[in-house]
Amino acid sequence: MKNLTIGSISAIAIAAAGALSPTIAAAEDYTKYGIAEDLPGTCNYAAIDAKDYSGRTLDVITHAIPVIGEPTALHAEQFAELTGAEVNVVHVPFGDLFQRIMIPFQSGQNAYDVLFYASLWIGDFNRFLAPVPEAYTASSGMSDVTESFKGVATWNGQMVQYPMDGDRHYLKYRTDVFENEELQAKYLADTGNALKIPETWEEYNAVAAYFSGFDWDGDGEENYGSAEVSKRDDLMFSAFISRAAPYAKHPDVKGGFFFDLETMKPLINTPGFVRGLELFIDAQEAFPPGGSSFGLGDEIFSFGGGQTLMSYSWDDAFIQAQQEESRIRNKVAAAPLPGAKEVWNRDTGTWDSFDAPNRAPYMTWGWSSAVSEMSDDKEMAFDFLCFFSNEANTFHDLQIGRFGVNPYRDSHFDTTFWQGLGWEANVADSYVETLSGMEQSTNRVYDLRVPGVGQFMSSMANGVAEAMAGQKSAQEALDGVAKEWADIVDRIGEDRLREAYANVVRLEDG
Amino acid sequence: MLKPKHYFLLPALVTLAAIILFPLLFTVRVSFSSWDVYQAGLDYIGGKNYLRVFADGRFWESLMRLSSLSLITVTLQYVLGFALALAVWKEVKGQRIFRVLFLIPMMTTPVVMSVIWRTMLHESLGPTNDILSMIGIGPVPWLSSAAGAFISVIMVEVWQWTPFMFLLLLAGLVSLPKEPYLAAAIDGAGPWRTFWQVTFPLMAPVSIGAVIIRLIEASKIMDTVYVLTSGGPGTATETPSYYIYIRGLRDFQVGYSAALSLTYLVLMIITLTIIAKLLMRFLVGKEA
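Here the protein sequences come in this chain order: V and X.
Residues in the first sequence are numbered consecutively from 3, following the working numbering.
Residues in the second sequence are numbered consecutively from 4, following the working numbering.
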């Protein structure tokens, strides 16, 4: 009830400010804040400028600079200047971020009003978050957020995270190789197959292996086939999910990807996941030297720097390749993640064959934000988040790769915007089509957004790493993970996890 | 009977209790709770966490790995540290510069140095393999093979902490009495014999102290592993400290990581006590 009241009052205030904004916008020049112009919207510069939060303080915790940390600091400074509020920003390395947020939550301390964190932690944090008031869910920016990212921000039917980033894994490849007639002919002569964008992970491995160990771009350095995030504690779990998804996510089998929702029995050691891991292990032969211990930064520089033919993960490597000074600018393109022609059907216990590869787009975790339920100034906190992601700021932040803000609104899927950054039309088209295409898929995979997700992913990453290092076979490693997962379910509570996992299954199954 | 003078001890005792006893006792209490990512607080679950520790193969494997790592690194540090200390012990040209140069690695921040080493050993982008390739070696899988990663961790540890050994041993050498050396010279002992018959035995107490201090430090190795290898490939370089960090701060299994920490602490105290006793018996020839 209290939230509704706050929401209603805020709605009136925001509506009034929004109505006034064109007049104010005409009077004020906000380009000094680094934006091209103040765009119409609920929380645009003019609307926030009309507010007075003098004498009030906002405590914000966010990631280290630059990824998300830099835009947080930038917009916090702008917000403070516009409203008179004092905004304190604490930057924390990723490895410490979870515990720095969780410890105050668990001990009942009102340490931070606003939190920026990985969206997959919603299963752990939702109990401590303030629902987003109606005034903000009805804001201009929020109405533009894609349905899938609204879903990512929602828990038990209520929006508790404030969307400000959109992430997914997709394939990136070098067009100057795939479209090179000489290399096409050479590949055909040597393998008997036409060179084409891989549609399955088997094809991906084959193409990657072929293009490893020789200088195919003529720069005097050896090139390689694939750069992947393979370092155990450096987001490797997400790479594995991308690879296993099309083999384990059957389009006709509902009710859970990581667990069977009914029994909460882990599915991580079922044949689909094992097949994905076997192919991940095989792919190592196409990695650059040291590629078996590549973190996300290495992957970005390997593909973005022109060392490798293909890669898949978040947007960073693609954006890196498209930087103005990049020697491979406009020589890259995006495509959906490879799929699988054989998919494990856990209902029948058999492999089902598909003529067209089964695709299972992975809507991997990205950054999100929220307001603490304990915050004494929720109205100002939500205003800050609304301002952070207003139309002008979002378009500004999307252009700066190191900020880590990626498309999450329908308006971001506009090729002219990306062409305006110097991207050639075919590059921009492939990027927009790939990303927006994932929004249409009915066979998507999401992260395991349940309490204890850190334990589940840490266990899975360790098992995958053991198999990658040759310490165990794929089946042995994933059997070990399944046992650990069953133990975690026992410790946290089967019913509690089932209730949480139902939120994930709803996103996947619709 | 407490006298007024005893009350002057109170501030020190209270401080001691606050900074040493309270955290330790609190950790003991936490280790008997199920404090986890979902269940916060000090409930009581008996010895369940400790039973889990005994069944946790990954923890015991990391402990065995640490034993090898510590043994190799501390031995290398001792040998190199002693050699360097002997080199600048007597009057040599540029003695002061060498002494400062040898100490530089120890004065750098472990995390920062690990980042620099990781960059140097990066198999695609780092300079080490480029340089080795010029003399026909490589590419060496410094961080992507189990053996390479293990050797890399040893290399960084030895580079960083040999100066500490050098410092302690040089201080020991400088304070040695002159008389035994005069006697050895009169008896016609050469440098080799003088070292083994005079210097080494006289340095035994200092050596034992230095080795034990380094073993204690080496047993806590965390930052180098965290930055350089993240415990990989697989679990090839995972040490107990890093494993406890993962369980406690990444997985947020607070109760279980407390049990792991205490088990580890007890094992370290017992092991290092035994090692100190054995070293005293064999090097000094008497009970400590």
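We put the beta carbon where it would ideally sit given N, CA and C, even for glycine.
What you are looking at is a predicted structure, and each value in this text was computed from that prediction instead of being measured.
Check	Outcome
Going by Cα to Cα distance, which pick from V:Arg329, V:Leu298, V:Pro106 and V:Lys485 is closest to Tyr314 of chain V?	V:Leu298
Counting only beta-carbon atoms, is His9 of chain X nearer than 8 Å to chain V?	no
Need the endpoints of the alpha helix (DSSP H) that Pro204 of chain X sits in, please.	Phe203 to Ser222
Distance check for Ser145 of chain V and Phe412 of chain V, CA to CA, integer angstroms please.	At residue 412 of chain V the sequence reads Asp, which differs from the Phe that was named. Computed Cα separation, rounded: 9 Å.
Would you check if there are 3 or more beta carbon pairs closer than 8 Å linking the segment 226 to 239 of chain V to the segment 285 to 296 of chain V?	yes
Any idea if Arg329 of chain V is buried or exposed, counting beta-carbon neighbours within 10 angstroms, 16 or more meaning buried?	exposed
Measure from the alpha carbon of Ala297 of chain X to the alpha carbon of each residue in X:Leu128, X:Ile219, X:Phe85 and X:Ile273, then state which is nearest.	The requested residue 297 of chain X is not part of the displayed model; chain X covers only 4 to 291.
Got a sec? Which residues, its chain only, sit under 6 Å from Ala28 of chain V by beta carbon, not counting five neighbours each side?	Interpretation of Ala28 of chain V is limited by its pLDDT of 49, a score under 50 that renders its predicted location unreliable; the figure taken from the coordinates is listed afterwards. Excluding residues within five positions, none has a Cβ falling inside 6 Å.
Starting from Ile245 of chain V, trace the alpha helix (DSSP H) in both directions and tell me its first and last residue.	Per the sequence presented here, residue 245 of chain V reads as Arg, with Ile not at that position. Start and end: Met238 to Ala250.
Could you name the residues of the same chain whose beta carbon sits closer than 7 Å to that of Ser3 of chain X, not counting the 5 residues immediately before and after it, in chain order?	Look at the range of chain X in this structure, 4 to 291, and you will see that residue 3 of chain X is not part of it.
Using a Cβ-Cβ distance cut-off of 8 Å, determine whether Leu252 of chain X contacts chain V.	yes
Touching or not, the segment 339 to 346 of chain V and the segment 96 to 108 of chain V, by the rule of three or more beta carbon pairs under 8 Å?	no
Of all Cβ atoms in chain V, is any one closer than 8 Å to the Cβ of Pro113 of chain X?	no
Counting only runs of 4+ residues fully inside the segment 59 to 93 of chain V, write out the alpha helix (DSSP H) ranges in chain order.	71 to 85
Quick one: which chain X residues come within Cβ less than 7 Å of Pro453 of chain V?	Val40 and Tyr41
Could you spell out the range, first to last residue, of the beta strand (DSSP E) harbouring Ala372 of chain V?	Trp369 to Val373
Please name the residue or residues paired with Pro108 of chain X in a DSSP beta bridge.	Its beta-bridge partners do not exist; DSSP assigns none.
If distances are taken between C-alpha atoms only, which option among X:Ser73, X:Leu5, X:Leu13 and X:Val56 comes closest to Ile247 of chain X?	X:Val56
Beta strand (DSSP E) containing Tyr212 of chain V: first to last residue?	From DSSP, Tyr212 of chain V is part of no beta strand (DSSP E) but of the alpha helix (DSSP H) over Trp203 to Tyr212.
For a cutoff of 8 Å on Cβ pairs, would you count Pro236 of chain X as touching chain V?	yes
Closer than 7 Å: is that where the CB of Val255 of chain V sits relative to any heavy atom of the ligand ZN?	This structure simply doesn't include the ligand ZN, nor any ligand for that matter.
What in chain V is Cβ-close to Ala261 of chain X, meaning under 8 Å?	The premise fails here: Ala261 of chain X is roughly 14 Å from chain V at the closest Cβ pair, so nothing lies under 8 Å.
Under the DSSP definition of a beta bridge, which residues are partnered with Arg411 of chain V?	V:Val147
Span of the beta strand (DSSP E) holding Ser136 of chain X?	Premise fails: Ser136 of chain X lies in the alpha helix (DSSP H), Pro130 to Met137, not in any beta strand (DSSP E).
Taking Cβ to Cβ, would you say Thr122 of chain X is nearer than 8 Å to Trp145 of chain X?	no
Are the CB atoms of Phe101 of chain X and Pro166 of chain X nearer to each other than 8 Å?	no
Please determine, among X:Leu270, X:Val31, X:Asp59 and X:Ser155, the residue with the shortest C-alpha to C-alpha distance to Leu72 of chain X.	X:Ser155
The beta strand (DSSP E) that contains Trp425 of chain V, what's its start and end?	No beta strand (DSSP E) holds Trp425 of chain V; DSSP gives it neither H nor E.
Can a CB atom of chain V be found closer than 8 Å to the CB of Ala213 of chain X?	no
When you compare the CB of Pro106 of chain V with every CB in chain X, is at least one pair closer than 8 Å?	no
At which residues does the alpha helix (DSSP H) containing Leu269 of chain V begin and terminate?	Segment: none, Leu269 of chain V is in no alpha helix (DSSP H) and carries neither H nor E.
Using DSSP's beta-bridge definition, name the partner residues of Leu313 of chain V.	Sequence inspection shows Ser at residue 313 of chain V; the Leu mentioned does not correspond to that position. Ser313 of chain V is bridged to V:Lys174 and V:Ala229.
Over what stretch of residues does the alpha helix (DSSP H) that includes Asn464 of chain V continue unbroken?	Val455 to Met470
Could you tell me which residues DSSP pairs with Gly237 of chain X in its beta bridges?	Answer is none; Gly237 of chain X lacks a bridge partner.
Check whether the Cβ atoms of Asp115 of chain V and Asp416 of chain V lie closer than 8 Å to each other.	no
Name the chain V residues that come within less than 7 Å of Glu340 of chain X, Cβ to Cβ?	Only positions 4 to 291 of chain X appear in this structure, which leaves residue 340 of chain X out of reach.
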